[in-house]
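Enquirer: Attaching a single structure in structure tokens format; questions to follow.
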Amino acid sequence: MDREELVQLITKQVLQQLGDAAPTAQWQTVQPQPDALFQEGGSAAKGVYPDEVVIGLAPAFGLDKQQTICGLSHRDVMKEMMAGVEEEGMKCRLVRVHNTSDVGFIALTAAKYSGSGIGIGIQSKGTVVIHQKDLYPLTNLELFPQAPLITLEIYRKIGKNAARYAKGQSPEPIAVMNDCMVRPKFQAKAAVMHIRETERVRQDVPAVSEVTW
Amino acid sequence: MIAAGIDIGNSTTEVMIAKQENGKTSFLGYASAPTTGLKGTTDNVAGVLEALALAQKEAGEITIDQIFINETAPVVSRLSSDIISQTIVVGSAMIGHNPDTPGGYGIGTGRTVRLGDPYPSKEEAYIVVVDRQVPFEEAARQIQTAMDGGTDIAGAIVCRDDGVLIANRLSRNIPIVDEVEQIEKVPIGELAAVEVAGNAMAVQILSNPYGIAGIFGLTPEQTKAITPIARTLIGARSGVVIYSSSGEVKLGKVDAGSVTVIGSAGEISVPVADGADAVNEAVNRQQTVFDIRGQQGTNAGAMFDEVKRMAAQRTGQETEAVKISDIAAVDTFAPIKITGGIAGEYAMENVVLISSMVKTSYFPMRALAEKMQEKTGIPVQIAGKEASSALLGALTTPGVSVPVAILDLGGGSTDAACLDDSGLRYVHTAGAGDMVTTMIDLELALEDRDLAELIKRYPLAKAESLHILRFEDQTVKFLEQPMPPEFFARTLIVTEEKLIPIRKKGLTMEKISLVRREAKRKVFAANALRALQKVAPEGNVRRIDFVIMVGGSALDFEVPDLINETLAKYNIVAGRGNILGKYAARAAVAAGLILAAGGDMD
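Below, the structure is given as structure tokens:
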């Protein structure tokens, strides 16, 4: 059995374990539930005010399973991140990015739509990147890759730091935990969540749309 | 004869090669390399060989017949810092606190009440105390409800970093101080005042003793007692004063021991806590200093013992035989956590920094000379005192004549030498570059000497975007290649090769450059004058016409200008040495060694 087959097998088993082995075609057609976190709007405009930070949501964020990989509700995560921006005296604008599930590109897109040039990208599983509009996609200002270890306090600090970058103030380094067991422990779940996210990617609609909280 | 002059300094080794014929000297080559090992020890040989090879390359096809090395200035120096003030909060009377983002603005006074507890009366104003577990939305809702119900809410003290968030959700502006870590220590039911200043402002009322007296209706006696509270709030953007009968703030002097200067005027003792001026005055009152002692069991005592032990080790003398010849003190301050504070508050405490110096009889130069001779196969001769060689070398600077003085601005000591009709006088005084580094380290609370050293040496810039660097003099440079993302929005140290980001929060470019300049001014301007006074004709600095600055700190990008500013008052021409009209000031000793050996310049 080669590697690819093995990954497929594991993924299948994990899906079954989650008790949620619905065919993929169905996910794509699922409409936002009535209890959706956000109101989806039309295509978004680029910001012009320097006091805003734009948060870019990955295609599935807040839609299917409104929880990050470690079970934090998407509502609480957004509330803390937005509070962090607000506490620094800045404003927050939300957009949804439809054409990619890569958090680096989502963050960069948000940054390009942000009047301050600073954007935050967030995936359903909770991975966050702070980006600046002039950076290359694969670089970033700050990356928080180990989603299972990000707490609500850290989401607040991420919001604060993004706002401080936007104000041109030197941000405070954020202390995050590091756990080498996180990868093996969460790899399968992360893969599944990422696949779901990717299946929501659409190229047939405007890439960036407005979202209201 | 082809001769090489070699000057082994604390940080670099300089080599000058020259040809001497018929009493004439013509210079052929010069090079510099980092000094290896501790100055004056046989470890230096590696650095010497490297510099020598480089200089020979420049000089071309030659064979060196003779090497001259200098008798290094036999100076060992050491620094100590003594904290001499201490702020102690007894009970919980004050939070003089600088959270980044307090909420609202203005001043509010009232009785403290925990959020969620009933408000005893509608007649009185209240300061709401919000615990850690209350989310900001809930806190704002409850405060708004109380306001709508007619309760007079005058301000809030909040545990989490929620000040702006709560203020944004209220219909009326109230001052809110947040990030008060130990909120449970705030006494409930006491009179309190909360003040938040606007942007770029500091609290006005709580930093004024009469302001506090007015709010709480204090008697003259009580006003005296709260003065330390007002003092610690000076410069803070927000603050809280709680008037509890049991609370008290003490501003005490710390017993940092005393220093005794033994000299021609007898023994003069002075407590370190009296400050730098008092210590320097004690030294200045002695015509000649025989020795300096610190009180045993104190910081000062330990420092003097340490410097004597170091000197003894390097010279092979008995520790008892080593005498301290000079000290220099500077007043500075350091942010120190207030004992008993409840929000992790800091107070700027006074610190006295003392640099002490030992003049030993000699360094084991002979062993070094022999080792060099063995490695190079060239005869090595120890020639001349460092001061006279430096003077001879410095005199090759175009546009200089006698009476002339040199100022050797080093790391551990500031040396001066003066040449006039009556001959050569020289002096080593304590206090130089290392002292500046320590001051920067203390005042910015870096706890990182290497970073402080970099801040001392190089100018600053800020990455305004990834392509725009704004320097501290407000000039701007546009970069073709973007900077790495981690430089974004940070203050950067601009060295010749690279940019180094300063990661510590709250250190703006303006603050760092102010501290750096002040440190240099306090140490070098004062010390340069003191050293010159000791060597000037009849002790009168005005009698010197020319001052030439040499040594490592003379290469600093702002120290020479600071010294120039000071000396301008005395009508002295001062400037960096321009050795042989083309070499940097640090080549002075190497050139002087050769000139001393014989032969005028060609």
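Top to bottom, those sequences are chains Y and F.
The opening residue of the first sequence carries number 18 in our numbering; numbering runs sequentially from there.
The opening residue of the second sequence carries number -2 in our numbering; numbering runs sequentially from there.
Yeah, the Cβ is synthetic: ideal placement off N, Cα and C, and Gly gets one too.
Just so it is clear, the structure is predicted and the values come from calculations on it, not from any experiment.
1. For I59 (chain F), does the count of other Cβ atoms within 10 angstroms reach 16, so buried, or fall short, so exposed?
2. Go ahead and pull the three-state DSSP assignment for I339 (chain F).
3. Find the nearest neighbour of A387 (chain F) within the set F:N67, F:I(-1) and F:M480, judged by alpha-carbon distance.
4. Can the beta-carbon of T492 (chain F) be found less than 8 Å from the beta-carbon of M506 (chain F)?
5. Just to confirm, is the Cβ distance from I137 (chain Y) to V70 (chain Y) under 8 Å?
6. If I measure Cβ to Cβ from Q43 (chain Y) and keep anything under 7 Å in the same chain, skipping five residues before and after, which residues do I get?
7. With 16 other CB atoms within 10 Å as the buried threshold, where does C109 (chain Y) fall?
8. Can you tell me where the alpha helix (DSSP H) with M98 (chain Y) in it begins and where it stops?
9. Do T144 (chain Y) and G73 (chain Y) come within 8 Å of each other at the CB atom, strictly closer than that value?
10. Determine, for G176 (chain Y), whether the minimum Cβ-Cβ distance to residues of chain F falls below 8 Å.
11. Return the first residue and the last residue of the alpha helix (DSSP H) that G298 (chain F) is part of.
12. Pull the bridge partners of R290 (chain F) from the DSSP assignment, please.
13. Based on the DSSP secondary-structure assignment, which residues constitute the bridge partners of A189 (chain F)?
14. Going by beta carbon distance, what residues of the same chain come within less than 8 Å of Y207 (chain F), once the five residues before and after it are set aside?
15. Do L406 (chain F) and V556 (chain F) have their beta-carbon atoms positioned less than 8 Å apart in this structure?
16. Name the residues in the region 145 to 168 of chain F whose C-beta lies less than 8 Å from a C-beta of chain Y; which are they?
17. Applying the 10 Å Cβ sphere with the 16-neighbour rule, what's the burial state of Q140 (chain Y)?
18. Report the neighbours of A100 (chain Y) on chain F: residues whose CB is nearer than 7 Å to its CB, in chain order.
19. Mapping DSSP to helix, strand and coil, what is L155 (chain Y)?
20. So for R110 (chain Y), helix, strand or coil by DSSP?
21. Could you give the distance in angstroms between the alpha-carbon of E317 (chain F) and the alpha-carbon of I81 (chain F)?
22. Looking at the structure shown, is G390 (chain F) part of a helix, part of a strand, or coil, going by DSSP?
23. Kindly say whether S462 (chain F), judged by its beta-carbon, lies nearer than 8 Å to any beta-carbon of chain Y.
24. Quick check on K495 (chain F) - is its C-beta less than 8 Å from some C-beta in chain Y?
25. Given a cut-off of 8 Å on the beta-carbon distance, is the pair T98 (chain F) and E104 (chain Y) in contact?
26. Kindly list the residues whose CB is nearer than 8 Å to the CB of M107 (chain Y), restricted to its own chain and excluding five residues on each side of it in sequence; keep chain order.
27. Hey, how far is the Cα of T604 (chain F) from the Cα of A210 (chain F)?
28. Have a look at F:G396, F:A533 and F:A297 and flag the residue whose alpha-carbon is nearest the alpha-carbon of G420 (chain F).
29. Do the region 271 to 289 of chain F and the region 32 to 51 of chain F make contact, defined as three or more Cβ pairs closer than 8 Å?
30. Any Cβ of chain Y within less than 8 Å of the Cβ of R487 (chain F)?
31. Could one say the Cβ of T98 (chain F) lies closer than 8 Å to chain Y's Cβ atoms, at least one of them?
32. Do you know offhand how far K174 (chain Y)'s Cα is from N116 (chain Y)'s?
33. Looking at the C-beta of K508 (chain F), does it have a partner C-beta in chain Y at a distance below 8 Å?
34. Run through the region 525 to 573 of chain F for me and flag every whole alpha helix (DSSP H) of 4 or more residues, listed as ranges in chain order.
35. At a Cβ threshold of 8 Å, is R500 (chain F) touching chain Y?
36. Please name the residue, chosen from F:D79, F:S23, F:G103 and F:A458, that lies closest to P268 (chain F) on a Cα-to-Cα basis.
Expert: So, from the data block:
1. exposed
2. coil
3. F:N67
4. no
5. yes
6. In this prediction, Q43 (chain Y) has a pLDDT of 37, which is less than 50 and means its spatial position is unreliable; nothing more can be read from the coordinates.
7. buried
8. H91 to E104
9. no
10. no
11. N296 to T312
12. F:T257
13. F:G107 and F:I239
14. T220
15. yes
16. D158, D159, G160, V161, L162 and N165
17. buried
18. F133 and L162
19. coil
20. strand
21. 29 Å
22. helix
23. yes
24. no
25. yes
26. D68, E69, V70, S133, A180, A183 and K184
27. What the structure shows of chain F is the stretch from -2 to 599, and residue 604 (chain F) is not part of that stretch, so it cannot be assessed.
28. F:A533
29. no
30. yes
31. yes
32. 28 Å
33. no
34. 556 to 565
35. yes
36. F:D79
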